[in-house]
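The sequence shown: position 56 = 56 (UniProt numbering), numbered continuously. The next block holds one structure in the form of structure tokens; read it before the comments.
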Amino acid sequence: MLETRFGLGLNFLATWAAWRDDPHRPRLLHYVATEAHPASAQDLLQAAENWPELAPMAQALAHRWWGLLPGTHRISLDSGQVLLTLGIADGHEWLAHQHFLADTLYLSSIDADHSSGMWAPELMSALARRCRPGAPFATSTGAEPVRASLTAHGFVVETESRRPIEQDSLHGRFAPPWSAHKPLPQRPQLTSAVVIGGGLAGAAMAASLARRGHTVTVLDQAAHPAAGASGLPAGLFGPHLSTDDAWLSQITRAGMRCTWQTLHDYADLDGSWGATGVLEHRVGRGRHWPHANVEAGRDWTRPADPDTLRAVGLPPDAPAWWHERAGWIQPAALVRALLAQPGIQWQGRCHVSTITRTASGWHVCDPTGNTLAETDWLIVAAGPATRTLLAGPLAALRPQGLPLNEVRGQMTGQLHAAQTPRLPRFAINGHGALIPHVPSAEGPAWYCGATFDRSRQTALLDAADDAANLAKLGELLPELGGACANSARAEMSRPWSGVRCTVADRVPLVGPIAPHALPGLWVSTAMGARGLCLALLCGDIAAAWHGHEPLPLDDRLARHLAAQRFMHQL
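Shown next as structure tokens:
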């Protein structure tokens with residue numbers, strides 16, 4: 001469903017309520033809306049006060065109504081079954097860069113005499129490009145210029161006296177006398193998929209597909225999920241700051257919102273993550289962010305206040321930011337929660353050796369040649385092993401394979417003890433990181449690190465890495481970090497090491513590799529050190545590409561993540 005102006009959200013809330021009440025409702029409701037000047041969360045709540053039946057949904061929406069900087073924002077509701085995609089931008093310019101087709105339209109209720117731009121030819125043309133033939137529309141604007149504009153752009157108009165919330169509406173259908181400029185994409189039938197890899201990337205992909213009704217089999221060589229790099233004891237999710245708000249910063253914000261919302265949706269994750277906020281001490285760097293003085297920007301990041309800096313022993317003029325929606329996660333718990341969704345079958349101890357394409361689809365075999373799975377849709381999310389697994393299918397297209405690099409990382413951990421300094425409730429990052437209160441079977445622990453070592457590809461622990469992590473912690477937090485290093489004891493040590501997977505531009509690879517030459521072969525890999533921010537987002541992007549759904553971020557940003565960017569020569 002597409003609305004040209006979100007306003008106070010009443011049409012959305014009424015649609016959401018109707019979806020809930022419909023026993024034959026679709027599995028997923030996509031509601032897309034544009035809004036150049038979003039209202040406040042309090043305004044949304046006040047607007048819904050006259051409709052008590054909408055109050056619980058208005059509260060849920062208001063809880064996630066934050067940080068609406070210009071661009072695309074995905075607000076996930078009803079455990080991910082209702083997806084509100086907001087374009088905070090001029091309507092026709094934003095719609096011009098979208099690729100979905102709407103089944104139903106709500107057109108702005110502002111009268112043409114008061115907001116002629118809402119009915120400009122540019123907007124109407126953009127709407128016509130985003131509609132399926134036969135799509136119904138409704139609007140409470142009855143002005144003659146609106147009727148004329150709709151008719152000129154292929155809409156057949158009828159009148160209607162009332163609607164549940166608004167009155168004096170026009171309604172009709174998109175029925176252009178001309179043919180579409182290009183063939184309409186067909187929504188694929190629900191299919192099954194096989195995912196290789198039981199870490200965060202694979203679990204996120206499986207969960208996103210299962211939420212849409214696909215049946216997914218997840219194969220992993222380990223006996224339990226998150227046995228590789230996703231098994232780290234704790235990790236941070238937070239934004240990437242840049243002085244010009246570059247594309248990586250924008251992608252990371254979209255990923256953060258996705259992660260934050262998902263964590264709030266899983267009640268059984270309580271205790272395995274902390275929405276504590278994160279202090280970023282930008283050691284040796286400046287204190288500038290283009291959205292620092294914008295209200296929506298401060299929902300994400302703002303200058304650290306003196307009390308926060310004092311809590312970690314930093315001076316009041318330290319170059320530091322406070323990230324309000326950031327926090328820490330124990331990734332293995334998230335992986336288990338994702339894989340527990342209906343429609344996902346986990347199969348451990350499956351050592352995948354070869355992947356081959358035949359007339360019947362993709363065959364996944366073990367070292368003895370036994371078939372582990374057959375599927376038309378195969379997604380490889382095996383971290384560092386992805387390159388080896390794809391060597392065969394890519395041999396004729398890209399002999400050098402995907403440009404994946406193995407990067408070893410080690411975290412240094414210590415159980416809390418009597419001599420452990422008083423640690424703040426929140427995590428700190430910048431030059432290294434400190435996660436202060438991580439639960440474990442032996443009691444709370446703190447972790448710092450991690451290293452980023454391209455020279456070794458094994459997860460063996462190294463005492464020198466612990467020393468390096470503690471030294472870096474001392475630079476990040478001269479007072480607190482030094483006290484933590486002094487309290488470290490060998491018998492209380494809980495280090496961890498794993499091997500991550502990256503590419504040169506340090507952003508993931510997701511989606512089809514070569515859709516024409518290798519149909520049905522997709523990847524989700526190269527999360528590197530950003531998996532907690534980007535893995536869930538990548539799962540949603542892949543599902544959107546597959547189903548011709550609205551994307552959870554701007555299309556130009558999603559293309560930076562597309563696996564095909566390394567196959568440009570084909």
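Backbone N, C-alpha and C define an ideal beta-carbon position, used for all residues, glycine too.
Asked                                                                                                                                                                                                   : Found
Would you kindly work out how many angstroms separate the C-alpha atoms of Thr-4 and Ala-36, rounded to a whole number?                                                                                 : 10 Å
One question on the structure: do Leu-232 and Pro-331 come within less than 9 Å of each other, judged by their Cβ atoms?                                                                                : yes
Asp-462: which of Asp-21, Trp-16, Ser-497 and Val-156 sits nearest, CA to CA?                                                                                                                           : Ser-497
Check Ser-497 in the structure and name its three-state DSSP category.                                                                                                                                  : strand
Since Met-527 and Leu-200 are thought to touch, with beta carbons under 8 Å apart, how far apart are those beta carbons, to the nearest angstrom?                                                       : 7 Å
Note down the Cα distance separating Leu-423 from Asp-305, rounded to an integer number of angstroms.                                                                                                   : 18 Å
State the Cα-Cα distance for the pair Asp-465 and Phe-452, rounded to the nearest angstrom.                                                                                                             : 10 Å
DSSP beta-bridge partners for Arg-408?                                                                                                                                                                  : Asp-453 and Val-499
How far does the alpha helix (DSSP H) with Cys-533 in it reach, from first residue to last?                                                                                                             : 531-547
Would Ala-112 be called buried (16 or more neighbouring beta carbons within 10 Å of its own) or exposed?                                                                                                : Note that Ala-112 scores a pLDDT of 46, beneath 50, so its modelled location is shaky and nothing firm can be said.
For Arg-129, which beta-bridge partners are listed by DSSP?                                                                                                                                             : Answer is none; Arg-129 lacks a bridge partner.
Three or more C-beta pairs closer than 8 Å, one from the region 125-138 and one from the region 93-107: is that the case here?                                                                          : yes
Where does Cys-448 sit, in a helix, a strand or coil, going by DSSP?                                                                                                                                    : strand
In or out: Thr-412 buried (at least 16 other Cβ within 10 Å) or exposed?                                                                                                                                : buried
Candidates Ala-483, Ala-359 and Thr-375: which alpha carbon is nearest Ala-417's?                                                                                                                       : Ala-483
Taking Asn-429 as part of the beta strand (DSSP E), name the residues at either end of that continuous run.                                                                                             : 427-430
From Arg-336 to Ser-179, what distance separates their C-alpha atoms?                                                                                                                                   : 48 Å
Indicate the three-state DSSP secondary structure (helix, strand or coil) for Asp-111 in the structure shown.                                                                                           : In this prediction, Asp-111 has a pLDDT of 47, which is less than 50 and means its spatial position is unreliable; what the coordinates show is noted afterwards. It is coil, neither helix nor strand.
Hey, does Asp-244 have any beta-carbon neighbour from chain D nearer than 9 Å?                                                                                                                          : Any reference to chain D falls outside this structure, which holds one protein chain only.
Using 8 Å as the cut-off, can you tell me whether the region 532-544 makes contact with the region 204-211, which would need three or more C-beta pairs spanning the two stretches below that distance? : yes
Within a Cβ cutoff of 7 Å, which residues of the same chain sit near Gly-274, ignoring the five residues on either side of it in sequence?                                                              : Gly-327 and Trp-328
Between Leu-402 and Thr-386, how many whole angstroms is the CB-CB distance? I'm expecting something under 8 Å.                                                                                         : 7 Å
Answer with buried or exposed for Ala-58, where buried requires no fewer than 16 other C-beta atoms within 10 angstroms of its C-beta.                                                                  : buried
Using CA atoms only, rank isn't needed, just tell me which of Ala-517, Val-82 and Arg-506 is closest to Trp-247.                                                                                        : Arg-506
By Cβ distance below 7 Å, which residues in the same chain neighbour Pro-342 in space, the five residues on each side in sequence not counted?                                                          : Ala-210
Pop quiz: Leu-334 and Leu-269 are said to be a contact at Cβ under 8 Å. What is the actual Cβ separation, rounded to whole angstroms?                                                                   : 7 Å
Would the region 215-228 and the region 312-328 be scored as touching if the rule is three or more Cβ pairs under 8 Å?                                                                                  : no
Where does the unbroken beta strand (DSSP E) through Val-32 begin, and where does it stop?                                                                                                              : 29-34
Please classify Gly-197: does DSSP put it in a helix, a strand, or coil?                                                                                                                                : coil
For His-73 and Arg-257, which I take to be in contact (beta-carbon distance under 8 Å), what is that distance rounded to the nearest angstrom?                                                          : 7 Å
Does Ala-254 come out as helix, strand or coil in the three-state DSSP assignment?                                                                                                                      : helix
Taking 8 Å as the limit between beta carbons, can you name the residues of its chain near Ile-175, skipping five residues before and five after?                                                        : At residue 175 the sequence reads Ala, which differs from the Ile that was named. Counting only Cβ-Cβ distances below 8 Å, and skipping sequence neighbours, we find Pro-133, Gly-134, Gly-154, Phe-155 and Val-156.
Under a Cβ-count criterion, where at least 16 other Cβ atoms within 10 Å of its own Cβ denotes burial, should Ala-267 be classed as buried or exposed?                                                  : exposed
Give the single residue among Leu-69, Glu-93 and Gly-238 whose Cα lies nearest to the Cα of Val-294.                                                                                                    : Leu-69
Quick one: residues in its chain with C-beta nearer than 6 Å to the C-beta of Leu-84, no 5 flanking neighbours on either side, listed in chain order?                                                   : Tyr-31 and Ile-75
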